[in-house]
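J.:
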Amino acid sequence: MWNVFFEPGYPGLSGVAPARFGMRYAIQKAQTWQSGTRASEFTPPFTPADGEMVIRKTGSSAFTGADLDEYLKSQHISELYFMGFALHVCVESSIRSAHDLGYNASVITDAVAAFTQEQPLYCVNQILPHFAGAVQTADILGSTSTSNSRGDLQSQKAHE
Numbered sequence: 001m002w003n004v005f006f007e008p009g010y011p012g013l014s015g016v017a018p019a020r021f022g023m024r025y026a027i028q029k030a031q032t033w034q035s036g037t038r039a040s041e042f043t044p045p046f047t048p049a050d051g052e053m054v055i056r057k058t059g060s061s062a063f064t065g066a067d068l069d070e071y072l073k074s075q076h077i078s079e080l081y082f083m084g085f086a087l088h089v090c091v092e093s094s095i096r097s098a099h100d101l102g103y104n105a106s107v108i109t110d111a112v113a114a115f116t117q118e119q120p121l122y123c124v125n126q127i128l129p130h131f132a133g134a135v136q137t138a139d140i141l142g143s144t145s146t147s148n149s150r151g152d153l154q155s156q157k158a159h160e
C-alpha cells in the first residue's frame with residue numbers, strides 16, 4: 001500500500017531541475033498533497049493495519065523516491081496488481097516501472113479511473129498491453145489469475 005504526500009516545501013523534490021510544466025510543476029504551484037493535510041491521508045476502509053508497510057511516494061511512479069522495489073524483493077513478491085485514480089498518469093507510470101524492474105504487473109480494470117471516460121479506455125487498450133495483464137476485481141477475489149483480455153473497458157469500447 002502506498003500513499004502520496006510531500007513534506008511542506010517539497011524537500012523530496014530537491015536536487016531535481018525546477019519544474020516548468022507537468023505534474024511536478026502543478027503539485028508545487030497548487031501546494032497539493034502536503035503531509036498532514038486531508039489530501040495526504042488514507043481514506044477508510046484503506047487505512048493501513050498496524051505494522052503494515054506504507055510507502056510514501058514522491059513521484060508519478062510508486063517506485064520513484066521510495067524503497068518499494070527493495071521491500072517487494074525482500075518479501076519475494078513478483079506479482080503486482082494496480083488500481084487507482086489517474087490511470088493514465090500515476091498508475092500507468094507505476095506499472096511501467098514495475099515492468100522495467102521485472103515484476104509481473106496487472107491492472108484491475110474495473111478499479112481504475114481517470115479524468116475522462118476516454119483516457120482509461122485508451123490506456124487499457126493501447127498502452128498497458130505492452131506492460132501488464134488485465135484482471136477484474138472478481139478475478140482478484142477469486143483466483144488472482146491474470147488474463148489477456150482487456151476486461152470491461154474492452155467490452156465498453158466495443159459497444160460504443
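Okay, so the sequence shown: first residue is 1 according to the UniProt record's numbering, each after it adds one.
The beta carbon of each residue, even a glycine, is placed where N, CA and C say it ideally should be.
Keep in mind that this is a model prediction, so the values were computed, not measured.
Whose C-beta lies closer than 6 Å to the C-beta of ALA105 among residues of the same chain, with five residues either side of it excluded?
T.: Along the sequence shown, one-based indexing puts residue 105 at 105. Same-chain partners within the cutoff: LEU80, ILE95, ALA98, HIS99, ALA132.
J.: According to DSSP, is ILE81 part of a helix, a strand, or is it coil?
T.: Mapped onto the sequence shown, residue 81 falls at position 81. Going by the sequence as given, residue 81 is Tyr instead of Ile. DSSP places TYR81 in strand when its eight states are reduced to three.
J.: Tell whether a beta-carbon distance below 8 Å holds between ILE108 and PHE82.
T.: Residue 108 sits at position 108 when you count from the first residue of the sequence shown. Residue 82 sits at position 82 when you count from the first residue of the sequence shown. Yes, the pair counts as a contact, with Cβ atoms nearer than the cut-off.
J.: Straight-line CA distance for SER35 to ILE55?
T.: Position 35 of the sequence shown holds residue 35. Position 55 of the sequence shown holds residue 55. SER35 and ILE55: Cα-Cα distance of roughly 13 Å.
J.: With distance defined between alpha-carbon atoms, name the residue in GLU118, HIS76, CYS90 nearest to GLY102.
T.: By one-based count along the sequence shown, residue 102 stands at place 102. Taking only the C-alpha atoms, the option nearest GLY102 is HIS76.
J.: Sorted by chain position, which residues of the same chain lie with C-beta nearer than 6 Å to ALA113's C-beta, five sequence neighbours on each side aside?
T.: By one-based count along the sequence shown, residue 113 stands at place 113. Closer than 6 Å at Cβ, skipping near neighbours: PHE85.
J.: Taking just the CA atoms, how far does SER40 sit from VAL91?
T.: To locate residue 91, count along the sequence shown from 1; it is residue 91. To locate residue 40, count along the sequence shown from 1; it is residue 40. Answer to the nearest angstrom: the Cα atoms are 17 Å apart.
J.: Pull up the CB-CB distance for GLY65 and LYS57, whole angstroms please, since I reckon it's below 8 Å.
T.: Counting from one through the sequence shown, the residue named residue 65 turns up at place 65. Counting from one through the sequence shown, the residue named residue 57 turns up at place 57. Sure, about 6 Å apart at Cβ, within 8 Å.
J.: Do LEU68 and CYS123 have their C-beta atoms within less than 8 Å of each other?
T.: Counting from 1 along the sequence shown, the entry for residue 68 is found at position 68. Counting from 1 along the sequence shown, the entry for residue 123 is found at position 123. CYS123 is positioned such that its CB atom lies no closer than 8 Å to that of LEU68.
J.: Would you identify the three-state DSSP class for VAL124, choosing helix, strand or coil?
T.: What you label residue 124 is simply residue 124 of the sequence shown in a count that begins at 1. Helix at VAL124.
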